[in-house]
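Peer 1: Quick note, the sequences are listed as chains F and Z, same order. Residue numbers for the first sequence follow my numbering, so the first one is 1 and each next one is one higher. Residue numbers for the second sequence follow my numbering, so the first one is 293 and each next one is one higher. Here a beta-carbon is modelled for each residue, glycine too, at the ideal position from N, C-alpha and C. Source: prediction; values computed, not measured. One structure, as structure tokens, below. Some questions next.
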Amino acid sequence: MSTLHLCGTLSFRRRATDRIATVGTLLALLLTLIPLTLVVGYVVTRGAERFSGRFLTSSMAGVGPLDAGGGISAAIIGTLEQVLVASVIAVPLGLLVAIYLTEYGGSRFATAVRFLIDVMTGIPSIVAGLFILAFWLIELGHGFSGFAGALALSILELPIVVRTSEQMIQLVPNSLREASYALGIPKWRTILRVVLPTAATGIVTGIMLAVARVIGETAPVLLVIGNNNFVNGDVFRHAQASLGVFIYQGALSSSDFDVDRAWAAALTLILIVFALYAAARLLTRRDKLARR
Amino acid sequence: MFHGLARAAGALVFAILGAIALFLVIKAIPALHGDKASFFTSQAWGDVSGTHKFGIAALVFGTVVTSALALLMAVPVAVGVAIYITEYAPRPIATVLGYATDLLASVPSVVYGLWGFEFLIHHTIGVQTFLARYFGWIPIFRHPNADVDVISKSIFNASIVLAIMVLPIVAAVCREVFRQVDPAEKEAALALGATRWEMIRTAVLPTSRPGIISAVMLGLGRALGETIAVALIIGNVTTVNGHILVPGGNTIAANIANQFGESDAFGRSALIASGLVLFVLTLGVNLVARWVILRSGREERSVV
């Protein structure tokens, strides 16, 4: 009754605008959820047609565009190795930069570094690929390799790692640092033994999200890894395959078999990404620091 | 010593960005030097390798138009959904919706490309026909035959996919921005008898404006540089074409992915030159975004 009474005191125009706004935001929500269901639903239904254990474990060696068989083992191995190497480069470096910005920051140099990290976040992925093409392949004369792809991916991963680690390290309460200093422990040991362990869960979450972001990157990798139907476990030598490139080439092919394989590979890729994402979410939920 | 190590890592960031700019310039020079057409005004790209003729006019046009259209579609929806999640939805539902939009952001661009190429462009024929038939008098919707019953790789379709990709990014930042609004201000507005919408309009949106602008800029940067999804959906035609329903269009990034395979050394150098333009373009967008935030006096680092 009381709400009815209140509504009665509002002018019709104000009430109508309020209603329209509510409906408008609901409409926006609907417009967001429609593409989500269409994309995920279509990838799952189309991908499931060819998705199987055999598909994951066999390569495209000796399989032509007009053959129905084949699989993505070469692409999975390539992608995993490239992302692993990229993380080996980007994670320690990113952590060091984050430590520098939070624990030794404040100088003009630190402000400049922070600004450049922001700039780096905005670099289009294809430009990172072009840079590795210009530097690693053309200037230094190396051939196509998974490692070149990993270099390009590490450029994309670095700023993400820096940002998330920086945010997590900032959450570590100052009283912990001060308690450590009071015990006479030097700053570098305090960082290694007190600050990093406290922020560890959050940092791991950030790394997982960074990996989820770069694992499906196709454009930079397309320019520098070559592509390979055969399994090549050596990241450092000869062309390698990648899931993203596999999907891209499949989509461009005029053979229906290639398109079907591309869909199954797309399903594999989003399963990996969603799993990483869900694991990161679960970790965050258990992280006391991030929940504060 | 640890300080030194951390400082060196910071210095390496300088070195990486410097190297990116340096090597793109160095490797672009041979092509720019040998270019037989005007780099900025020519629309030629076709067979760069044979004729040594290329220009980025059509590519820049396509890049800017697709991104602008994508933002036009995505930003109102993104702001709306962020308002719904922060101001309307009950807490548990808001959390789930937050996950859902983040999920949309985590789908790799090549998957959007495949989806757009295999699904979307087959399902927008009706919309395109409608636009061409009833709004054909607006130049951008003009189409030679009003029944657009063909599947078209057009600027229109590329923009829709870009909009879907940019939407969750803009929405995520907006959500973060709206959440930071001082609850006291919102309660004050409600206490004065404002309706919920009036509270949003007077307390939430004005304080959030710099944050929304930086969210839009972030989305713009993403749209300008998006490669694979656009490469699969756009026409790959290098002529300036303002009629967005007609098959055609191209962007700098998509052109790089499409042309790379058939390019010789000169062609690759030309592609690097176009990449340099893209780099400068996104750098400019980034700087403008930073400037807007700084000017508003609030240091608000966008959340990615």
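1. Kindly indicate which residue of F:263, F:239, F:240, F:241 has the alpha-carbon position closest to the one of residue 250 of chain F.
2. Looking only at its own chain, which residues have a Cβ that is under 8 Å from the Cβ of residue 384 of chain Z, when we skip the five neighbours before and after it?
3. By DSSP's criteria, residue 226 of chain F is part of a beta bridge. Which residues make up the other side?
4. Could you tell me the boundaries of the alpha helix (DSSP H) in which residue 478 of chain Z lies?
5. Tell me which residue opens and which closes the alpha helix (DSSP H) that residue 551 of chain Z is part of.
6. Taking beta-carbon pairs under 8 Å, can you tell me which members of the region 268 to 290 of chain F lie near chain Z?
7. Please look up how many angstroms separate the CB atoms of residue 461 of chain Z and residue 397 of chain Z, rounded, as I've assumed it's under 8 Å.
8. Does any C-beta atom of chain F lie closer than 7 Å to the C-beta of residue 578 of chain Z?
9. Within 8 Å, do at least three Cβ pairs link the region 563 to 572 of chain Z to the region 489 to 508 of chain Z?
10. Is there at least one Cβ from chain F nearer than 7 Å to residue 299 of chain Z's Cβ?
11. Going by Cα to Cα distance, which pick from F:236, F:106, F:22 is closest to residue 375 of chain Z?
12. What did DSSP end up calling residue 216 of chain F once you bin it into helix, strand or coil?
13. At a Cβ cut of 7 Å, what residues of the region 518 to 544 of chain Z count as close to chain F, listed as they run along the chain?
14. Nearest by alpha-carbon distance to residue 77 of chain F: which of F:242, F:258, F:254 is it?
15. Is it the case that the Cβ atoms of residue 306 of chain F and residue 276 of chain F are separated by a distance below 7 Å?
16. Tell me which residues of the region 417 to 430 of chain Z have at least one Cβ-Cβ distance to chain F shorter than 9 Å, keeping chain order.
17. In whole angstroms, what is the alpha-carbon distance linking residue 46 of chain F and residue 474 of chain Z?
18. Would you identify the three-state DSSP class for residue 232 of chain F, choosing helix, strand or coil?
19. Along chain Z, which residues have their Cβ under 8 Å away from the Cβ of residue 211 of chain F?
20. Are there 16 or more other CB atoms within 10 angstroms of the CB of residue 407 of chain Z, so buried, or fewer, so exposed?
21. Tell me, please, whether the region 140 to 148 of chain F touches the region 179 to 199 of chain F by the rule of three or more beta-carbon pairs shorter than 8 Å.
22. Report the three-state DSSP secondary structure of residue 13 of chain F (helix, strand or coil).
23. Is there a C-beta anywhere in chain F that falls below 7 Å from the one on residue 549 of chain Z?
24. Looking only at its chain, what residues have a beta carbon closer than 6 Å to the beta carbon of residue 2 of chain F, apart from the 5 residues adjacent to it on each side?
25. Rounded to whole angstroms, what's the CA-CA distance from residue 516 of chain Z to residue 574 of chain Z? Just pull it up for me.
26. So is residue 30 of chain F buried or exposed if we call it buried at 16+ other beta carbons inside 10 Å?
27. Rounded to whole angstroms, what is the Cα-Cα separation between residue 410 of chain Z and residue 510 of chain Z?
28. Exposed or buried, what is residue 37 of chain F when buried is set at 16 or more other beta-carbons lying within 10 Å of its beta-carbon?
29. Can you find the residues in the same chain that come closer than 7 Å, C-beta to C-beta, to residue 596 of chain Z, ignoring five residues on each side of it along the sequence?
30. Could you check whether residue 25 of chain F and residue 372 of chain Z sit closer than 7 Å to each other, using their CB atoms as the reference points?
31. Under 6 Å Cβ to Cβ from residue 297 of chain Z, same chain only, skipping five residues before and after it: list those, please.
32. What residues of chain Z sit near residue 42 of chain F, judged by a beta carbon separation below 9 Å?
33. Give a yes or no on whether the minimum CB-CB distance between residue 14 of chain F and chain Z is below 7 Å.
34. If we cut at 7 Å on Cβ distances, does residue 325 of chain Z have a partner in chain F?
35. Any beta-carbon of chain F closer than 7 Å to the one on residue 375 of chain Z?
36. Work out the CA separation of residue 71 of chain F and residue 514 of chain Z for me, nearest whole Å.
Peer 2: Once the coordinates are examined:
1. F:263
2. none
3. F:240
4. 475 to 483
5. 544 to 551
6. 269, 270, 273, 274, 277, 281
7. 6 Å
8. yes
9. no
10. yes
11. F:22
12. coil
13. 519, 520, 524
14. F:242
15. Chain F is shown from 1 up to 292; residue 306 of chain F falls before or after that span and cannot be answered.
16. none
17. 46 Å
18. coil
19. Going along chain Z, no residue has its Cβ under 8 Å from residue 211 of chain F, so there is no contact; the nearest lies around 11 Å.
20. buried
21. no
22. helix
23. yes
24. Legend: pLDDT at residue 2 of chain F = 43, less than 50; position of this residue unreliable, value from coordinates given subsequently. No residues qualify anywhere along the chain.
25. 7 Å
26. exposed
27. 28 Å
28. exposed
29. In this predicted model, residue 596 of chain Z has a pLDDT of only 38, less than 50, meaning its place in the structure is not dependable; the value taken from the coordinates is given anyway. Answer for residue 596 of chain Z: no residue qualifies.
30. yes
31. none
32. 407, 410, 411
33. yes
34. no
35. yes
36. 32 Å
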